[in-house]
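Colleague:
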Amino acid sequence: MDDTRPTLDPAAAELIGTDPGEVVVIGAGPAGLTAAFQLHKYGIASTILEESDQVGGISRTEVRDGWRFDIGGHRFFTKVPEVEALWHEILPDEDFMMRPRKSRIFYDGKFYDYPLRATNALRNLGIIEAIRCVLSYIWVRIHPPKDQSNFEGWVAARFGWRLYRTFFKAYTEKVWGVPADQIEADWAAQRIKNLSLFSAVVNALLPNRNQKDIASLIEEFQYPKYGPGMMWEVCRDHVVADGSTMHYETEVTGLRHADGIATHVIATHPDGTTEEHEADHIVSSMPISALLAGMEPPVPDHVLAAANGLSYRDFITVALVVPESKVDWNDNWIYIHDPAVATMRIQNFGSWSPYLVKDGSNVLGLEYTVFETDHAWTAPDEELIEQGKRELVYLGLIEPGDVEGGYVVRQKKAYPTYDETYKANVDVLRNWLDTHTSNVHPIGRNGMFRYNNQDHSMYTAMLTAENIATGSTHDVWTVNVEEEYHEEGPAEKPSFASKPSTGRDAPIIPSTAPRIER
Numbered sequence: 027m028d029d030t031r032p033t034l035d036p037a038a039a040e041l042i043g044t045d046p047g048e049v050v051v052i053g054a055g056p057a058g059l060t061a062a063f064q065l066h067k068y069g070i071a072s073t074i075l076e077e078s079d080q081v082g083g084i085s086r087t088e089v090r091d092g093w094r095f096d097i098g099g100h101r102f103f104t105k106v107p108e109v110e111a112l113w114h115e116i117l118p119d120e121d122f123m124m125r126p127r128k129s130r131i132f133y134d135g136k137f138y139d140y141p142l143r144a145t146n147a148l149r150n151l152g153i154i155e156a157i158r159c160v161l162s163y164i165w166v167r168i169h170p171p172k173d174q175s176n177f178e179g180w181v182a183a184r185f186g187w188r189l190y191r192t193f194f195k196a197y198t199e200k201v202w203g204v205p206a207d208q209i210e211a212d213w214a215a216q217r218i219k220n221l222s223l224f225s226a227v228v229n230a231l232l233p234n235r236n237q238k239d240i241a242s243l244i245e246e247f248q249y250p251k252y253g254p255g256m257m258w259e260v261c262r263d264h265v266v267a268d269g270s271t272m273h274y275e276t277e278v279t280g281l282r283h284a285d286g287i288a289t290h291v292i293a294t295h296p297d298g299t300t301e302e303h304e305a306d307h308i309v310s311s312m313p314i315s316a317l318l319a320g321m322e323p324p325v326p327d328h329v330l331a332a333a334n335g336l337s338y339r340d341f342i343t344v345a346l347v348v349p350e351s352k353v354d355w356n357d358n359w360i361y362i363h364d365p366a367v368a369t370m371r372i373q374n375f376g377s378w379s380p381y382l383v384k385d386g387s388n389v390l391g392l393e394y395t396v397f398e399t400d401h402a403w404t405a406p407d408e409e410l411i412e413q414g415k416r417e418l419v420y421l422g423l424i425e426p427g428d429v430e431g432g433y434v435v436r437q438k439k440a441y442p443t444y445d446e447t448y449k450a451n452v453d454v455l456r457n458w459l460d461t462h463t464s465n466v467h468p469i470g471r472n473g474m475f476r477y478n479n480q481d482h483s484m485y486t487a488m489l490t491a492e493n494i495a496t497g498s499t500h501d502v503w504t505v506n507v508e509e510e511y512h513e514e515g516p517a518e519k520p521s522f523a524s525k526p527s528t529g530r531d532a533p534i535i536p537s538t539a540p541r542i543e544r
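Here is the structure:
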């Protein structure tokens with residue numbers, strides 16, 4: 027492979043030869059591989075331990091019988107110029123495609139604009155239902171919900187009960203698995219800003235007014251032609267060629283520590299055998315809860331309780347092969363708000379890239395979020411494929427018999443779930459790591475228990491690599507996360523908070539909230 031990466035800047039070149047000792051990177055997803063890639067710029071090789079048999083983590087591209095599917099869909103758009111540059115440092119420009127951005131809501135056989143536009147929504151609903159929605163809105167203006175501290179009351183107060191139940195309730199409950207009235211309102215306030223049915227109609231009818239209140243969405247984004255996994259496969263090839271070592275199917279089950287630092291990483295293989303890797307620095311993108319639970323000697327009870335207090339939402343994709351002619355919509359994905367089906371979103375992989383599919387056929391990816399304790403997580407693949415077929419037929423997107431094949435992909439711990447104790451729990455874990463294992467560097471979504479995007483995960487890794495190589499003191503916990511980050515343009519330099527932020531763009535879900543199994 028030709029190495030097309032640019033030469034180091036003089037400051038970095040001067041640091042080559044600085045020896046930080048043995049560096050172990052846990053996880054070969056975007057964060058872990060970015061850290062390894064950046065460390066090589068300072069002449070530092072690492073040992074990379076990956077639990078699965080492939081790279082990319084949640085940003086991998088699954089390949090089954092020649093079909094390729096994302097895990098959730100990854101638009102390559104960022105406001106972080108350093109990440110933008112790194113994407114093109116890893117992959118040559120010719121391996122990127124510019125793709126149009128299009129996502130809509132699918133409800134009752136009709137496509138609705140997303141973000142929701144009042145005129146489009148009311149027109150699709152029909153005159154009678156539209157009148158009912160307007161009357162419902164008038165009703166809540168006169169009789170507002172008594173409790174607007176939760177998602178349900180907050181949204182209903184601004185759109186009316188009918189539009190709330192049509193466009194907000196079912197999808198939100200599918201994603202997070204708890205009743206909408208158990209989700210705190212501040213997430214809705216962040217997601218929907220100050221929009222109401224009234225302001226949406228005014229802005230639609232008088233588009234020259236209040237334009238500053240309307241988010242401008244990006245119209246196109248970059249995308250590797252063979253999917254996001256292509257990025258990380260090439261990145262792996264670079265770091266291995268430069269001297270790093272990759273270990274697949276190697277689960278990190280423990281860290282030995284003494285005198286304020288971690289000394290060894292304990293890795294377990296599928297046959298049950300273990301080995302230990304000596305480490306002077308450990309860059310960890312594994313779930314921070316599992317990292318702390320595996321410490322030897324064990325952490326104190328209150329720290330273990332904080333680790334066990336963190337929870338996650340898991341992710342299933344049911345990918346169904348259908349004739350290309352049967353998919354007459356070109357959205358990247360559509361949101362499914364019908365409560366009668368469990369799928370929350372459907373990917374149109376052919377719209378992401380023609381290189382993901384085969385001539386004459388397309389793949390639709392039905393997405394489900396679950397807890398590992400739900401039946402769906404352990405259900406046979408055949409059962410989930412049949413469910414996916416039934417739901418597509420029910421929605422009217424295909425006819426019975428159209429499906430030519432199916433595949434199931436599972437992703438553990440896809441989304442950190444934020445309850446009322448998560449921030450305190452993360453603080454306990456961070457403080458313990460700082461005091462007892464100061465050479466352990468959490469990065470990325472699961473490593474930091476932060477519901478962030480790929481580019482932010484990469485940026486935490488870039489800053490960490492610089493800290494290890496140069497002795498700099500970047501605080502990666504101040505890398506901010508914005509919900510509309512991937513949707514708004516133009517790109518601009520990211521901001522850093524004066525104090526660590528939660529980066530919250532997921533809702534607070536009370537730990538006592540009842541779970542919904544679908």
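Note that the numbering used here has the sequence shown beginning at 27, numbered continuously upward.
A virtual CB, placed ideally from N, CA and C, is assigned to each residue, including glycine.
Check this for me: beta carbons of Ala211 and Gln248, under 8 Å apart or not?
Modeller: Not closer than 8 Å, so no.
Colleague: Can you tell me which of the three DSSP states Gly152 falls into?
Modeller: Residue state, collapsed to three classes: coil.
Colleague: Quick one: grab the DSSP three-state call for Thr343.
Modeller: Strand.
Colleague: In angstroms with no decimal places, state the Cα-to-Cα distance between Ala532 and Gln208.
Modeller: Those two C-alpha atoms are separated by around 13 Å.
Colleague: Counting C-beta neighbours from all protein chains within 10 Å, is the total for Trp359 16 or more, i.e. buried, or is it exposed?
Modeller: Per the 10 Å Cβ criterion, buried.
Colleague: In chain order, what are the residue ranges of uninterrupted beta strand (DSSP E) at least 3 long that sit wholly in the region 359 to 439?
Modeller: Those beta strand (DSSP E) runs which fall completely within the region 359 to 439 and span 3+ residues are 359 to 362, 371 to 374 and 387 to 396.
Colleague: Between the beta-carbon of Thr455 and the beta-carbon of Leu318, is there less than 8 Å?
Modeller: According to the sequence shown, residue 455 is Leu rather than Thr. Yes.
Colleague: I need the straight-line Cα distance from Glu277 to Glu492, nearest angstrom please.
Modeller: For Glu277 and Glu492, the distance between alpha carbons rounds to 26 Å.
Colleague: Asn173 by DSSP, collapsed to three states: which one?
Modeller: It is Asp, not Asn, that sits at residue 173 in the sequence shown. The answer is coil: DSSP assigns Asp173 none of H, G, I, E or B.
Colleague: Along the chain, where does the beta strand (DSSP E) containing Lys251 start, and where does it finish?
Modeller: Taken as a continuous stretch (DSSP letters only), Lys251 belongs to no beta strand (DSSP E), as it is neither H nor E.
Colleague: Would you please state the rounded distance, in angstroms, between the beta carbons of Trp378 and Asp121? I believe it to be under 8 Å.
Modeller: Not confirmed; about 14 Å, so no contact.
Colleague: Please state the DSSP three-state secondary structure of Ile534.
Modeller: Correct three-state label for Ile534: strand.
Colleague: State the Cα-Cα distance for the pair Glu301 and Pro468, rounded to the nearest angstrom.
Modeller: Glu301 and Pro468: Cα-Cα distance of roughly 22 Å.
Colleague: Assign Arg149 to one of two classes, buried (16 or more other C-beta atoms within 10 Å of its C-beta) or exposed (fewer than that).
Modeller: Its Cβ having fewer than 16 others within 10 Å, Arg149 is exposed.
Colleague: Just how far apart, CA to CA, sit Met286 and Ala440?
Modeller: Residue identity differs from the one stated: residue 286 is Gly in this sequence, not Met. If you take the alpha carbons of Gly286 and Ala440, they lie about 31 Å apart.
Colleague: How would you call Ile535, buried or exposed, if buried means at least 16 neighbouring beta carbons within 10 angstroms?
Modeller: Classification of Ile535: buried, given that the 10 Å Cβ count is 16 or more.
Colleague: Have a look at Ile362, Glu245 and Val49 and flag the residue whose alpha-carbon is nearest the alpha-carbon of Pro126.
Modeller: Measuring from the Cα of Pro126, the nearest candidate turns out to be Glu245.
Colleague: Does the separation of the CB atoms of Gly320 and Gly55 fall below 8 Å?
Modeller: In this structure, Gly55 does not lie closer than 8 Å to Gly320 by Cβ.
Colleague: Can you give, in chain order, each stretch of the alpha helix (DSSP H) that sits fully within the region 102 to 171 and has at least 4 residues?
Modeller: With a minimum length of 4 residues, the continuous alpha helix (DSSP H) runs that stay inside the region 102 to 171 are 107 to 116, 144 to 151 and 153 to 168.
Colleague: DSSP on Ala293, reduced to helix/strand/coil?
Modeller: Note: Ala293 maps to strand in three-state DSSP.
Colleague: So what does Arg94 bridge to, in DSSP terms?
Modeller: The partner list for Arg94 (beta bridge, DSSP) reads Val89.
Colleague: Check the C-beta distance from Asp428 over to Pro349 and give it rounded, since I have them as a contact under 8 Å.
Modeller: Contact flag correct, Cβ pair sits at about 6 Å.
Colleague: Identify, in the order they occur along the chain, each residue of the same chain with its Cβ nearer than 7 Å to the Cβ of His295, setting aside the five sequence neighbours on each side.
Modeller: Answer for His295: Glu275 and Thr276, listed in chain order.
Colleague: Quick one: what does DSSP say Pro56 is sitting in, helix, strand or coil?
Modeller: The answer is helix: DSSP assigns Pro56 an H, G or I state.
Colleague: Just verifying my parser: in three-state terms, what is the DSSP assignment at Phe522?
Modeller: Residue placement at Phe522 is poorly supported in this model, since its pLDDT is 38, which falls under 50; the coordinates are not used for a value here.
Colleague: Let me know if Ile157 comes out buried or exposed under the rule of 16 or more other beta-carbons within 10 Å of its beta-carbon.
Modeller: Exposed, by the Cβ-count rule.
Colleague: Please state whether DSSP places Gln237 in a helix, a strand or coil.
Modeller: Low confidence applies here, because Gln237 scores a pLDDT of 45, under 50, leaving its location unreliable; read the following figure in that light. It is helical.
Colleague: Helix, strand or coil for Leu455, going by three-state DSSP, please let me know.
Modeller: Helix at Leu455.
Colleague: What's the call for Asp357, buried or exposed, on a 16-neighbour Cβ count within 10 Å?
Modeller: Counting Cβ neighbours within 10 Å, Asp357 comes out buried, since at least 16 surround it.
Colleague: Where DSSP assigns a beta bridge to Ile11, which residues make up the other side?
Modeller: There is no way to answer for residue 11, as the model of the chain reaches only from 27 to 544.
Colleague: With a Cβ-Cβ cutoff of 8 Å, do Thr395 and Arg476 count as a contact?
Modeller: Their beta carbons are not under 8 Å apart, which means Thr395 does not touch Arg476 by this criterion.
Colleague: Let me confirm a value: His328 is counted as buried when at least 16 other C-beta atoms fall within 10 Å, else exposed. Which label applies?
Modeller: With fewer than 16 other Cβ atoms within 10 Å, it is exposed.
Colleague: Can you tell me which of Thr486, Val452, Ser72 and Thr404 puts its alpha carbon nearest to the alpha carbon of Val435?
Modeller: Among Thr486, Val452, Ser72 and Thr404, the Cα nearest to that of Val435 is on Thr404.
Colleague: Let's test the definition: count the other Cβ atoms within 10 Å of the Cβ of Ala241 and tell me whether it reaches 16, buried, or not, exposed.
Modeller: Bear in mind that a pLDDT of 44 at Ala241, under 50, signals an unreliable position, so the number given afterwards is only what the model happens to contain. Ala241 comes out exposed.
Colleague: Does Thr447 come out as helix, strand or coil in the three-state DSSP assignment?
Modeller: Residue state, collapsed to three classes: coil.
Colleague: In the structure shown, what three-state DSSP assignment does Ala517 receive?
Modeller: For Ala517, the pLDDT reaches just 40, beneath the cut-off of 50, and the residue's location in the model is therefore unreliable, although a value from the coordinates is still provided. DSSP places Ala517 in coil when its eight states are reduced to three.
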